[in-house]
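Down below is the structure, laid out as structure tokens.
Chains as they are written, first to last, in my numbering: chain F, 42 to 586; chain V, 4 to 776.
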């Protein structure tokens, strides 16, 4: 396996691959820029089924699964949502293989009250076809729709309180989970820090319980460590007045809240975890140029990169989005674990972290990032404007071990088309969020105070969420709040290739080329700034020293 | 003796005091003749009585100087003291006081193309009635009749001041004019004409239903009657040697007076084209637009590329104050009873203004001081080639043909896209421009071609007989007019002042977010085309596409493509037909299966094609407490995903046979056209809503009855027919776009062909109209 490294651009460096939402381009970077390459994707383990069986019979920190089972018990399999991994896994999802192995053990133990819950949390509920792809055809046929369903975070009649955290947060979860004798959590881990107990609670919790996880103030507290002065005016200005008055501590941050809710759930229901980790694939194995380094591209790689860039350009927007929507990746399963949920998750995190971490020497003035055409929330093709901003300011900027790659008040340059184009089916509330909410303000705190309640309780969004595969009404709000730390931290955000009117509404600036973008930010970072380009996807976690 | 003294102590009856001439005359009398009292015959209008109308008139600019001099209260007092108001109009004049010394008869029908009966009733009948009332009251005043120089009609050469030589019998003509309306009304109801109107109505509004068609037919009939009456006047005038009904009836009025003034001294004033004031009440004073103003403004806007007039024709213009002065001087000079006096007040004999001079001066004015075009700098004015009447006429004919053809093409376009609507808007403007050119070139032809010279020797003598001081104060010598000064400094600035006034930018008409909340308000939405971008044909496709795969899909598409022209024809004829034709294809389908399909796939497809702005508007209405109603020709099952947005959904239901399968027939008659209006009215009664404050959103002319039924109609992505109606009625027109990528089925071939044809027609129109410009 080849680790990640930092390249310094010199005269011989070829143009580098940059993702720009629904297209790719080859961009020449200024000499002296640093380019952070992630490690090359790791090879997988050979026999997944055998590894699962082995893990189930010799779990970490727990008795073997078979010994936890007894006839007549109520067993619930919570399947983590299809948003992870992204892009989707080609062929059968690894979860289907995990579930099949678990169910064979369960059947052998004579347990017949088995239900499956897809932990969609505050995301969108999946269509029958998507659920079938997730759990496998055989399981789908036997359980759908009676004993296999997606979680509904707004269905008050089927949400049951399971406990209260030390900080007074009440956790309500889906009725089958609350009433289960044992919960088996089946999960794919792609990012360190995501999933686990906290993810489980978030996946099956009620909107009311999860609200505290998603506030602006909580997001700001999570990022307190980024800032030189944690409770500087920038931090408190972005939070609410009340939040600023509270002691700034990570325990009040969204991660702290989520962890506490996870602990409440674990305290109420025994949880046995089965996880698989995947490597950092980006597309089909044939499209190797997406992960290889440009100077090592073979002739076919070069031809494909050129063809992809030009071809996507030629295709109309609709066809281009379809191409990415259909894109799946050939992942390799790098590890399988089972047992006590915290220990299993920790092992999985360590595994994926080792595959993504790159050491970077010091912060730079300007951070340049591309925009991946896929993401956990992209139900329908590459990101629209709102998810584009979220992807850059919340996801990419946040992938570090404590210090962002860019300095405080530095500039971020993002490649994204920033089109005000939302899926009518999946994102009805995004359409209105853009047209109504952002038209009034793009400040997360203002938006939270003024609009969230109205969108959360809107019966039309709720009906679309329940029956038509739509994201819930509050989804754009939560994504927007997560950009609050980035907005407070960065001096400037410039979007290369962004639609100007849309960028203005989103509170970022638009440029047509990288040179123009650097010109725009020169006012705040000077004419000769240090530049770092994150060559991602594949995903990488910067360990800035 | 001065003019003031000669009129002192007299009582002057003024008719038409609220008109242009009457107003100027009254202002002069009130300001400068303190010893003269006025009797004003004023027609009450609406809730305003005669006195009130006169009091309101005092606020107009003409009286500004006087108002500033004596104060508003003083003016009111002056009016009360010196003006006696008699309410009445020329159709029935009440008995008039016996002590009237002078009558100045300014009232008249001044439009060039009035209906023939109106022209006679006012310009001849009014005169007869006035003289009758004067005699009945016992007065023996000096009659000063304001006529027009153009009573000379289609003659050429020098026209002397005196009785006109013609032997037209006013009795015969007046009797004819009295009968003609009835005849034309009768003719308009003949079976042939009725059928013609009904056909035209059907051609335009077939899809909207019988009520709308018959409404349109009746409107067309009324229009036809009005047109025929105008034509009857114009043609009769021309056949007897006059330019139009106006000059014809004025001439017959003169003739009647000559025969019937009896023992009343008679003076006839014949002004030429009266335009804005030279000095009094202030330079440039004008009320409304007269003869040359629309042309001057059109020219200043760069919209008049040429004019069918010969450059050396004399344009006989006379400022209003000169006419008023001449009238006052004539009123003070009582002619012998057996020798009526004739005064032509004009400029053409002594100080002629030729057409090219007029053009040069106006052009000079606009070059020096061009009209502003809001936000786009100044407008450039064209240079006229004076290509001659024939060439200009030919060009106008060509434009009319092109615009007409483009209009016919456009009205045949079945589907409506934003592009088609833009073309329709451009075409409408081109049509308006061509119609304007046509009207003015017709009206002016006679006035600018006439090689007439009006001799004004008597008027000159009258002027010379005045005292030198009066010649200054009340002069009417046309040689005193400096045309360049008058046109460039006085007239054009006055005419264009209103266009130069800085206008506040019109507030953007935005309904969104400003819906008044209220109980008892309906918001009715048409699904197809307005809320979602689907027609019934497409909805059929979705349903089956979801069901079929592979080869079946291909075959289905081919079958539908073959049937499409039929559907399109059906759509043009009647939407109900179309729906029946489409739903016949559902024969043998299990309704359960249908609902399942919708829940699975068609719902997603429908939501994909929903217009976000439409959904937002529905939700705004709900937020405002309105009751939302979805009206659609689509199947009820298809609309299920939208049901949570609406309080009531009215959709097509398929009939289910004894075998539990769909029969392919509808369970009830499809709700289209008039039926929608009737349904909404009924529904409003049931739920206790008030249609006058309700809303309706629709996209096609078949929804006209629905839109007309409510107080707040909105045309959304309208088809051409609806767009025209909406523009005419100034309904809001909105564009709600679909999210891109949601068009599942490409436009039908026919649709594309027609759109291409419309685009070509637009290019042709742009070329032609551009050429004309």
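Where a beta carbon is used, it is the ideal one built from N, C-alpha and C, also for glycine.
So residue i and residue j are supposed to be a Cβ contact under 8 Å. How far apart are they, rounded?
{"i": "residue 90/V", "j": "residue 141/V", "result": "About 20 Å separates the two Cβ atoms, so there is no contact after all."}
{"i": "residue 349/F", "j": "residue 65/F", "result": "5 Å"}
{"i": "residue 437/F", "j": "residue 549/F", "result": "Actually they are not in contact, since the Cβ atoms of residue 437/F and residue 549/F sit about 14 Å apart, beyond 8 Å."}
{"i": "residue 497/F", "j": "residue 515/F", "result": "5 Å"}
{"i": "residue 334/V", "j": "residue 15/V", "result": "7 Å"}
{"i": "residue 6/V", "j": "residue 477/V", "result": "5 Å"}
Between the Cα of residue i and the Cα atoms of the options, which residue gives the shortest distance?
{"i": "residue 538/F", "options": "549/F, 519/F and 456/F", "result": "456/F"}
{"i": "residue 74/F", "options": "573/F, 584/F, 581/F and 233/F", "result": "573/F"}
{"i": "residue 72/F", "options": "64/F, 78/F, 83/F and 53/F", "result": "53/F"}
{"i": "residue 622/V", "options": "159/V, 709/V, 23/V and 646/V", "result": "646/V"}
{"i": "residue 406/F", "options": "45/F, 441/F, 448/F and 367/F", "result": "448/F"}
{"i": "residue 65/V", "options": "27/V, 354/V, 11/V and 101/V", "result": "27/V"}
{"i": "residue 69/F", "options": "335/F, 218/F, 187/F and 226/F", "result": "335/F"}
{"i": "residue 170/F", "options": "354/F, 186/F, 410/F and 152/F", "result": "186/F"}
{"i": "residue 611/V", "options": "510/F, 161/F, 410/F and 546/F", "result": "510/F"}
Apart from the five residues just before and just after residue i, which ones in its own chain have a Cβ nearer than 7 Å to its Cβ?
{"i": "residue 286/F", "result": "Below a pLDDT of 50, predicted positions are generally treated as unreliable, and residue 286/F, at 40, falls in that range; the measurement from the model is reported next regardless. Once the five neighbours on either side are set aside, residue 286/F has no close Cβ partner at all."}
{"i": "residue 326/F", "result": "371"}
{"i": "residue 320/F", "result": "82, 83, 85, 372, 373, 375 and 396"}
{"i": "residue 234/F", "result": "390"}
{"i": "residue 237/V", "result": "116, 247 and 248"}
{"i": "residue 213/V", "result": "677"}
{"i": "residue 139/F", "result": "93, 227, 315 and 317"}
{"i": "residue 281/V", "result": "322, 324, 325, 484, 489 and 493"}
Does the CB of residue i have a neighbour CB from chain V at under 7 Å?
{"i": "residue 482/F", "result": "no"}
{"i": "residue 182/F", "result": "no"}
{"i": "residue 589/F", "result": "Any question about residue 589/F goes unanswered here, given that chain F covers just 42 to 586."}
{"i": "residue 501/F", "result": "yes"}
{"i": "residue 61/F", "result": "no"}
{"i": "residue 282/F", "result": "Model confidence at residue 282/F stands at a pLDDT of 41, short of 50, so the residue's coordinates are unreliable; what they give is reported in the following sentence. By this cut-off, residue 282/F is not an interface position."}
{"i": "residue 48/F", "result": "no"}
{"i": "residue 565/F", "result": "no"}
{"i": "residue 93/F", "result": "no"}
Examine chain F for any beta-carbon lying closer than 7 Å to the beta-carbon of residue i, and answer yes or no.
{"i": "residue 611/V", "result": "yes"}
{"i": "residue 513/V", "result": "Caution is warranted here: a pLDDT of 48 is assigned to residue 513/V, below 50, making its placement in the model unreliable, and no coordinate value can be reported."}
{"i": "residue 748/V", "result": "Any reading at residue 748/V needs caution, since the residue's pLDDT is 33, under 50, leaving its predicted position unreliable; the model's value is listed next. No, residue 748/V lies away from the interface with chain F (no Cβ there is under 7 Å from its Cβ)."}
{"i": "residue 284/V", "result": "no"}
{"i": "residue 648/V", "result": "yes"}
{"i": "residue 47/V", "result": "no"}
{"i": "residue 644/V", "result": "yes"}
Spatial neighbours of residue i within its chain, please: C-beta separation below 6 Å, excluding the five flanking residues on both sides.
{"i": "residue 70/V", "result": "78"}
{"i": "residue 25/V", "result": "17, 19 and 109"}
{"i": "residue 189/F", "result": "157"}
In chain order, what residues of the same chain have a beta carbon less than 8 Å from the beta carbon of residue i, not counting five sequence neighbours either side?
{"i": "residue 665/V", "result": "589, 590, 591, 592, 593, 594, 597, 657, 658 and 659"}
{"i": "residue 648/V", "result": "618, 621, 622, 625, 631 and 633"}
Just to confirm, is the Cβ distance from residue i to residue j under 7 Å?
{"i": "residue 193/V", "j": "residue 224/V", "result": "no"}
{"i": "residue 205/F", "j": "residue 211/F", "result": "yes"}
{"i": "residue 531/F", "j": "residue 453/F", "result": "yes"}
{"i": "residue 232/V", "j": "residue 144/V", "result": "no"}
{"i": "residue 305/V", "j": "residue 382/V", "result": "yes"}
{"i": "residue 192/F", "j": "residue 519/F", "result": "no"}
{"i": "residue 677/V", "j": "residue 708/V", "result": "yes"}
{"i": "residue 294/F", "j": "residue 259/F", "result": "yes"}
{"i": "residue 81/V", "j": "residue 106/V", "result": "no"}
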